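J.: Protein chains in written order, with the UniProt record's numbering: chain A, 1 to 386; chain B, 1 to 386; chain C, 1 to 386; chain D, 1 to 386.
Every residue gets a Cβ at the ideal spot worked out from N, C-alpha and C, and that includes glycine.
Since the structure is predicted, the reported quantities are computational estimates derived from the model, not experimental observations.
Questions regarding the structure given below will be posed in turn.
Protein chains: 4
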Amino acid sequence: MTDLAAVKAALKTQAVETPSWAYGNSGTRFKVFAQAGVPRSPWEKLQDAARVHAFTGVAPTVALHIPWDTVEDYAALAKYAEERGLRLGTVNSNTFQDDDYRLGSICHPDAAVRRKAVGHLLRCVDIMDATGSRDLKLWFADGTNYPGQDDVRARQDRLAEGLAEVYARLGHGQRMLLEYKLFEPAFYTTDVPDWGTAYAHCLKLGEKARVVVDTGHHAPGTNIEFIVATLLREGRLGGFDFNSRFYADDDLMAGAADPFQLFRIMYEVARGGGLTSGVAFMLDQCHNIEPKIPAIIRSVMNVQEATAKALLVDRAALAGAQAAGDVLGANAVLMDAYDTDVRPLLRAVREELGLDPDPLAAYRRSGWAERIVAERVGGEQAGWGA
Amino acid sequence: MTDLAAVKAALKTQAVETPSWAYGNSGTRFKVFAQAGVPRSPWEKLQDAARVHAFTGVAPTVALHIPWDTVEDYAALAKYAEERGLRLGTVNSNTFQDDDYRLGSICHPDAAVRRKAVGHLLRCVDIMDATGSRDLKLWFADGTNYPGQDDVRARQDRLAEGLAEVYARLGHGQRMLLEYKLFEPAFYTTDVPDWGTAYAHCLKLGEKARVVVDTGHHAPGTNIEFIVATLLREGRLGGFDFNSRFYADDDLMAGAADPFQLFRIMYEVARGGGLTSGVAFMLDQCHNIEPKIPAIIRSVMNVQEATAKALLVDRAALAGAQAAGDVLGANAVLMDAYDTDVRPLLRAVREELGLDPDPLAAYRRSGWAERIVAERVGGEQAGWGA
Amino acid sequence: MTDLAAVKAALKTQAVETPSWAYGNSGTRFKVFAQAGVPRSPWEKLQDAARVHAFTGVAPTVALHIPWDTVEDYAALAKYAEERGLRLGTVNSNTFQDDDYRLGSICHPDAAVRRKAVGHLLRCVDIMDATGSRDLKLWFADGTNYPGQDDVRARQDRLAEGLAEVYARLGHGQRMLLEYKLFEPAFYTTDVPDWGTAYAHCLKLGEKARVVVDTGHHAPGTNIEFIVATLLREGRLGGFDFNSRFYADDDLMAGAADPFQLFRIMYEVARGGGLTSGVAFMLDQCHNIEPKIPAIIRSVMNVQEATAKALLVDRAALAGAQAAGDVLGANAVLMDAYDTDVRPLLRAVREELGLDPDPLAAYRRSGWAERIVAERVGGEQAGWGA
Amino acid sequence: MTDLAAVKAALKTQAVETPSWAYGNSGTRFKVFAQAGVPRSPWEKLQDAARVHAFTGVAPTVALHIPWDTVEDYAALAKYAEERGLRLGTVNSNTFQDDDYRLGSICHPDAAVRRKAVGHLLRCVDIMDATGSRDLKLWFADGTNYPGQDDVRARQDRLAEGLAEVYARLGHGQRMLLEYKLFEPAFYTTDVPDWGTAYAHCLKLGEKARVVVDTGHHAPGTNIEFIVATLLREGRLGGFDFNSRFYADDDLMAGAADPFQLFRIMYEVARGGGLTSGVAFMLDQCHNIEPKIPAIIRSVMNVQEATAKALLVDRAALAGAQAAGDVLGANAVLMDAYDTDVRPLLRAVREELGLDPDPLAAYRRSGWAERIVAERVGGEQAGWGA
């Protein structure tokens with residue numbers, strides 16, 4: 001039997017970080033459809049993020065992307081967040097949107113470009129000092145499009161060298177989260193294509209280096225929860241970028257494409273102690289055709305539901321069936337939790353937290369959507385390129 | 001034994017259509033890296049395409065994309081092409097870059113948007129009348145990102161209705177080429193995801209409707225040459241969009257990722273009579289990090305090499321081994337052609353055509369690359385969004 | 001609002017056909033793990049199938065595989081089934097286990113082998129006459145392993161010819177269900193690799209020819225429910241082979257790998273009228289490491305649950321949100337049904353049918369598992385090769 | 001410019017290990033098609049392997065599979081090999097064909113089964129002592145079919161424990177090669193699914209533990225040559241299992257499905273020093289429908305051709321283009337080597353080695369195929385299950 005009070009307690013203390021860029025415009029290479037009311041500055045992104053946290057109660061931090069969220073005074077930004085019940089979270093580096101980065105950044109064949117990229121990463125750590133952020137998240141668009149274009153192995157050497165310099169700069173309590181991605185925007189190779197590559201680099205860097213699992217960054221057929229279990233076993237799981245995908249890095253709402261997979265992932269997280277060991281649970285997605293704030297609220301709720309189901313797994317019964325080699329019995333224990341409708345449980349959790357049991361309805365009633373459309377007129381909307 | 005004179009004759013009359021948009025800037029959703037010297041108008045694109053044809057001898061036509069290539073006077077554009085040894089080729093419609101098309105175009109739930117989309121397609125036929133183009137190529141970005149977002153079947157009904165109206169408008173000698181694509185920019189469903197869907201619509205439309213095979217638009221593991229053979233058997237292969245991909249619709253140079261696959265495709269084309277039955281051989285690719293004109297020349301050469309190898313297959317020996325159930329023998333006949341270095345043959349073909357045997361070297365020596373960088377200063381460079 | 005009485009009525013009349021071969025031993029190319037109590041004859045398979053129907057109430061028919069289920073007297077077999085509350089269902093042909101079929105059956109380069117294969121198919125129709133079966137299900141292991149091994153197009157011609165002969169033999173009320181499969185056991189091409197190929201052949205054969213969708217037979221990333229919707233729209237969906245897969249044709253229990261996908265499929269079935277238009281709902285799976293009868297019961301229940309959720313979708317609300325272009329709202333309507341725990345509803349349905357609400361528990365209590373282990377001693381256990 | 005004499009020298013000393021099981025019967029889960037003349041014992045397999053080496057000159061060792069190749073006296077077997085110009089190579093363990101292994105071997109939930117599996121592995125090292133083999137190759141069929149079936153992480157603990165015991169038993173000069181595989185025969189998880197998992201275990205075991213790359217064991221879209229380059233950089237590439245695949249672990253002849261990929265792999269091998277650092281180059285494939293000995297000869301030749309092309313890459317020109325960021329130029333250098341017809345070079349190499357330039361023709365003329373059909377009558381043919 002699962003301990004329902006413990007489940008509720010865990011759900012009340014869950015924290016899902018939302019990404020500042022998800023509040024801005026986004027799209028595909030074919031078209032960015034701008035939406036009315038979209039933030040025009042990091043400050044306005046924080047206003048929106050505060051709404052998500054106000055209605056869900058479990059989204060207390062916001063990830064920044066530099067330079068998209070560049071401001072003059074990061075301490076002021078942190079204070080602005082704090083005044084709205086938020087904290088600034090993970091700092092994400094961006095070394096793929098300058099013309100210099102056409103052939104890569106930290107792995108570029110030209111040392112001058114690598115120097116520039118490392119400089120950017122070091123500045124991100126400076127920003128972390130100012131914002132009080134724990135984690136530097138590194139995703140590199142680096143890679144090659146054509147066989148032979150560059151030396152695959154030399155790029156690894158350059159990567160290792162650059163990472164080492166940045167790692168050495170990390171302060172006390174700061175971590176480096178290294179993200180991997182199978183493909184895109186590089187098409188032939190990416191320089192950190194899989195968890196094994198990220199893990200190998202982290203091992204050499206040291207204890208503060210951890211791997212980030214973005215749920216959209218794997219080849220078809222990859223068992224992501226196996227990777228999660230393995231990284232937890234190795235003590236190297238830094239965090240998640242949640243989103244969902246049907247084919248590639250589709251960046252749809254977490255839990256939208258394969259809710260059973262999200263449940264299996266959260267089960268391995270819970271089983272491996274990942275709910276209480278500093279793993280960062282972040283959303284990383286984009287809302288190209290749907291309104292952004294409600295999509296983010298829905299995504300947070302989807303993560304909550306998957307977590308609730310994972311926590312409801314009768315671990316003792318499961319262990320018993322597994323030990324007995326009872327294939328169907330063990331599977332049935334897991335499915336029993338998955339098949340449970342946990343929405344009533346989460347409504348109860350919210351009410352006990354003093355929240356509306358239905359965050360989406362509460363958001364709709366709040367008038368925020370109409371207000372930002374009315375007030376955010378003029379200026380330049382935030383987007384991936386902003 | 002293959003008849004070398006016949007092979008040469010076939011290679012001399014081959015025609016690969018280049019796409020106007022490949023001469024402009026392109027990129028991924030993360031970044032478009034602009035290149036110096038890129039055309040700023042359809043006229044300048046034709047200048048570049050004329051260079052490709054001048055050096056390869058087998059790229060006599062250029063595909064247009066409307067509205068990217070909108071001009072006041074299409075007859076003038078056709079004349080401009082003709083003066084440079086070119087003809088205007090396939091007209092490509094674009095119903096995905098207006099804000100109205102956020103949820104689709106010809107399949108949109110709102111009849112007014114569908115009306116607008118069909119109107120655009122009809123105008124494309126008007127343009128074909130003016131340019132003398134044979135083919136209208138239809139690729140729809142239509143689809144849905146989330147399960148339930150729209151009614152999958154109703155969208156098919158709308159698609160059928162819209163296509164029928166456009167089909168009815170086709171003039172004598174004009175054709176409709178319907179393209180399919182598994183995913184992107186729609187992520188959950190696209191409305192024409194596979195050849196079967198395109199084929200089913202073409203059947204109902206009539207003889208002038210044909211299927212286009214874009215080599216980058218399939219799920220992993222799909223045997224594209226089987227589809228080619230099947231469509232030729234059905235009399236419904238309209239043409240190709242050649243490009244290559246490692247993972248998704250990577251749009252790399254044709255033949256760059258899997259030259260053996262391109263050879264197998266061209267073998268089925270040759271075997272099925274597709275070299276002489278009106279099949280359109282088009283490039284559809286983008287050159288995000290490499291210079292565009294040489295990349296297009298190289299792609300044309302790659303198609304030539306695959307075609308040459310396909311023509312070198314000893315068909316009688318192959319048929320004999322196949323009939324005898326000689327698995328290794330039959331495979332060896334095919335591989336024998338593939339393993340042949342056909343570059344000397346193609347050099348000879350070019351010399352017999354009065355061309356430089358090395359198109360890339362000739363292009364480099366021509367000074368065109370330097371000239372367009374020097375001359376095309378100011379103005380707005382062409383790109384996917386232009 | 002959905003009409004709960006109508007939902008219950010639909011669930012009570014649902015029928016899932018179980019495959020005779022799932023009751024026998026099966027395995028991978030590496031090993032078949034034999035299980036105690038496995039049937040040694042078609043008669044014993046029917047005994048087991050009768051248990052599945054007795055406890056679920058919705059598995060009234062059993063599919064046969066010829067020659068695995070060859071008996072002297074099919075009328076006697078039908079009577080034996082009837083006495084146990086069953087009917088004989090779809091007849092499945094098998095043209096892949098004779099040495100003659102090394103290079104194919106109906107598509108084999110040698111006319112004598114093709115003749116033999118067609119002869120087998122015609123005998124299957126004879127058996128249908130005797131058993132009263134409606135459907136002949138054709139899956140061909142035909143294909144090639146190596147490029148060039150055989151002529152892809154000629155194999156299509158042979159296929160068409162063979163199918164036509166068999167189609168002509170069909171009696172009144174009989175149908176031909178043509179199954180497609182992307183790969184395996186042929187690795188380079190299969191001769192009916194996708195729904196488009198099956199559909200094209202069915203079109204030419206006539207109204208009695210329909211396409212079968214096996215949920216495990218697609219490339220990664222394929223949207224199966226789109227195919228279902230399309231085939232229903234075309235009036236060509238013959239039936240399903242349900243199973244589930246993580247990577248290839250894994251043949252796991254239906255609903256085990258991606259229950260959300262099964263729900264989406266059943267939603268399109270319901271939306272397209274497929275629950276009441278003669279679509280055959282069959283299981284086609286194998287239980288390599290788990291006990292077979294409970295695995296089949298569980299699979300039937302999984303199909304029931306997916307169907308129940310599909311029927312619970314608030315179609316009016318969904319249509320409204322779709323028409324309004326409300327992406328999140330429409331998705332939420334669908335997800336609301338999916339997130340519902342339908343197990344109480346199905347327990348109620350079973351009780352109203354006079355069944356135990358928990359089929360698996362009832363089966364376990366019945367002692368059947370122990371009885372067959374005790375009684376089925378000696379003889380040769382049924383398996384794929386038997 | 002490449003040094004042709006050095007290329008020839010490298011090609012003359014290349015060694016490709018052939019697998020004993022490829023000489024026996026094999027098939028899919030649907031059917032094993034037996035072939036006439038197939039060996040009935042390890043001794044006869046060595047006779048066939050000797051023919052492959054005699055005609056190619058580069059296949060001097062044979063891999064054993066235990067228990068498929070169990071004999072009374074391994075020293076006698078080694079001597080038998082030596083008398084035929086061969087050596088016994090890698091010893092492959094087999095812990096998947098006893099009924100005890102239904103739920104795994106070294107990762108099984110039951111300690112007694114794990115004990116048995118480890119015992120088998122230890123006996124394999126005993127055999128290595130007798131045969132003089134350097135490498136123990138470990139591939140585990142272990143995994144689970146259903147979510148929840150067993151504890152993913154506990155299985156890793158068991159795996160680590162078992163591997164450590166076997167590793168401790170290795171003698172001087174002996175190595176452990178750990179193979180990974182994405183799927184099959186386990187369908188939900190395999191216990192060593194990717195190179196990262198194998199690498200993590202090898203790191204902990206010690207210097208004698210290396211990773212084996214089987215070219216058929218990856219998810220679609222995986223860049224295998226990247227893994228090769230990375231493992232060489234880490235000093236952990238133990239060897240290859242060459243074969244080719246279109247979809248899954250198809251086990252077709254090496255180089256048959258994607259010869260360009262094999263070339264890219266061999267290029268990274270050469271570039272990373274893998275030709276001279278103890279990497280084992282093994283075939284691991286099965287010949288289900290084609291005659292076995294010529295298929296193996298052809299595969300060896302395909303590996304030779306890929307190696308020759310890799311060696312012909314103009315490394316200086318490539319490095320220059322890469323350093324200059326010349327995307328097309330660098331790609332062209334690589335493609336120039338790939339497009340070269342290396343068959344004349346390899347014919348010359350063979351003649352300089354005193355061999356027939358055409359191994360397949362020489363084999364055919366030798367009469368061996370007819371002889372084994374005539375002589376190997378009666379007895380039980382070797383196969384995967386034998």
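Taking only three categories from DSSP, how would you classify residue 383 of chain C?
T.: Strand at residue 383 of chain C.
J.: Using the beta-carbon count (16 or more within 10 Å), is residue 324 of chain B buried or exposed?
T.: By the neighbour-count rule (16 or more Cβ atoms within 10 Å), residue 324 of chain B is not buried but exposed.
J.: Taking beta-carbon pairs under 8 angstroms, can you tell me which members of the segment 362-373 of chain A lie near chain C?
T.: The segment 362-373 of chain A vs chain C, Cβ under 8 angstroms: nothing.
J.: Kindly say whether residue 230 of chain A, judged by its beta-carbon, lies nearer than 7 angstroms to any beta-carbon of chain C.
T.: So, not an interface residue.
J.: On a CA-only basis, which of C/130, C/95 and C/166 is nearest residue 89 of chain C? Give me that one, please.
T.: Here the closest residue by C-alpha is C/130.
J.: Check whether the segment 339-346 of chain B touches the segment 338-346 of chain D, counting contact only when three or more Cβ pairs, one atom from each stretch, lie closer than 8 angstroms.
T.: Touching, yes, given that three or more Cβ pairs across the two stretches are closer than 8 angstroms.
J.: So, does the segment 176-184 of chain A touch the segment 197-207 of chain A, judging by three or more C-beta pairs under 8 angstroms?
T.: Contact holds: three or more Cβ-Cβ distances are below 8 angstroms.
J.: Across which residues does DSSP place residue 31 of chain A in a beta bridge pair?
T.: Paired residues: none, contrary to the question.
J.: Below 8 angstroms, how does it come out for the segment 183-202 of chain B and the segment 139-158 of chain B: are there three or more Cβ pairs, yes or no?
T.: Yes, since at least three Cβ pairs between the segment 183-202 of chain B and the segment 139-158 of chain B fall closer than 8 angstroms, the two stretches touch.
J.: Mind checking if residue 284 of chain C is an interface residue toward chain D, Cβ cutoff 7 angstroms exclusive?
T.: False, the Cβ-Cβ gap to chain D never drops below 7 angstroms.
J.: Taking all protein chains shown into account, decide if residue 300 of chain A is buried (16 or more other Cβ within 10 angstroms of its Cβ) or exposed.
T.: Burial call: buried.
J.: Just checking: is the beta-carbon of residue 138 of chain C within a distance shorter than 7 angstroms of some beta-carbon in chain B?
T.: Chain B, which has no Cβ nearer than 7 angstroms to the Cβ of residue 138 of chain C, makes this no.
J.: May I have the straight-line CA-CA distance separating residue 386 of chain B from residue 116 of chain B, to the nearest angstrom?
T.: Note that residue 386 of chain B scores a pLDDT of 46, beneath 50, so its modelled location is shaky; the value from the coordinates is reported in the next line. About 20 angstroms.
J.: In whole angstroms, give me the CA-to-CA distance for residue 20 of chain D and residue 360 of chain D.
T.: Each residue's alpha carbon lies about 19 angstroms from the other.
J.: If you follow the alpha helix (DSSP H) that residue 245 of chain C is in, where does it begin and where does it stop?
T.: Here residue 245 of chain C belongs to no alpha helix (DSSP H), and DSSP marks it neither H nor E.
J.: Residue 145 of chain A versus chain B: which residues are under 8 angstroms apart at the beta carbon?
T.: Within chain B, the residues near residue 145 of chain A are 250, 252, 288, 289 and 290.
J.: Who are the neighbours of residue 295 of chain D on chain B, taking C-beta pairs under 8 angstroms?
T.: Under the 8 angstroms cutoff, chain B gives 328.
J.: Within 10 Å of its beta-carbon, does residue 13 of chain C have 16 or more other beta-carbons around it, so buried, or fewer, so exposed?
T.: With fewer than 16 other Cβ atoms within 10 Å, it is exposed.
J.: Does residue 53 of chain D pass the burial test, meaning 16 or more other C-beta atoms within 10 Å, or should it be called exposed?
T.: Result: buried.
J.: Spell out a yes or no on whether the segment 243-261 of chain D and the segment 160-172 of chain A are touching, meaning 3 or more CB-CB pairs, one atom from each, closer than 8 angstroms.
T.: No contact exists between the segment 243-261 of chain D and the segment 160-172 of chain A.
J.: Specify the secondary structure class of residue 277 of chain C as computed by DSSP and reduced to three states.
T.: Coil at residue 277 of chain C, not helix or strand.
J.: Please list, in chain order, all residues of the same chain as residue 17 of chain D whose beta carbon is under 6 angstroms from its beta carbon, the five residues on each side excluded.
T.: Cβ neighbours of residue 17 of chain D beyond the five flanking positions: 61, 63, 89 and 282.
J.: Comparing the C-beta of residue 386 of chain A with each C-beta of chain C, is any distance below 7 angstroms?
T.: Only weak support exists for where residue 386 of chain A lies, its pLDDT of 46 falling under 50; the value from the coordinates is given anyway. No, because no Cβ of chain C sits closer than 7 angstroms to the Cβ of residue 386 of chain A.
J.: Let me see if you follow: with CB-CB separation under 7 angstroms, is residue 233 of chain B close to chain C or not?
T.: Cβ-Cβ to chain C under 7 angstroms: yes for residue 233 of chain B.
J.: Name, going along the chain, the residues of the segment 335-360 of chain C whose beta-carbon falls closer than 7 angstroms to a beta-carbon of chain A.
T.: Residues passing the 7 angstroms Cβ filter: 339, 340, 341 and 343.
J.: Shortest alpha-carbon distance to residue 225 of chain B belongs to which of B/298, B/258 and B/206?
T.: It is B/258 whose Cα lies nearest to the Cα of residue 225 of chain B.
J.: Quick check on residue 6 of chain D: buried or exposed, where buried means 16 or more other Cβ atoms within 10 Å of its Cβ?
T.: When all chains shown are included, residue 6 of chain D counts as exposed.
J.: What residues from the segment 173-184 of chain C come within 8 angstroms of chain D, judged by C-beta to C-beta, listed N to C?
T.: From the segment 173-184 of chain C, only 182, 183 and 184 have a Cβ closer than 8 angstroms to chain D.
J.: DSSP three-state call for residue 63 of chain D: helix, strand or coil?
T.: If DSSP states are grouped into helix, strand and coil, residue 63 of chain D belongs with the strands.
J.: When Cβ atoms are compared, which residues of the segment 17-33 of chain D fall closer than 8 angstroms to chain B?
T.: Result list empty, no residue passes.
J.: Excluding the 5 residues flanking residue 294 of chain A on each side, which residues of the same chain have their C-beta closer than 7 angstroms to its C-beta?
T.: Correct list, in chain order: 360 and 363.
J.: Check whether the segment 215-231 of chain C touches the segment 102-122 of chain D, taking contact to mean three or more Cβ pairs, one atom from each stretch, closer than 8 angstroms.
T.: No, the segment 215-231 of chain C does not touch the segment 102-122 of chain D.
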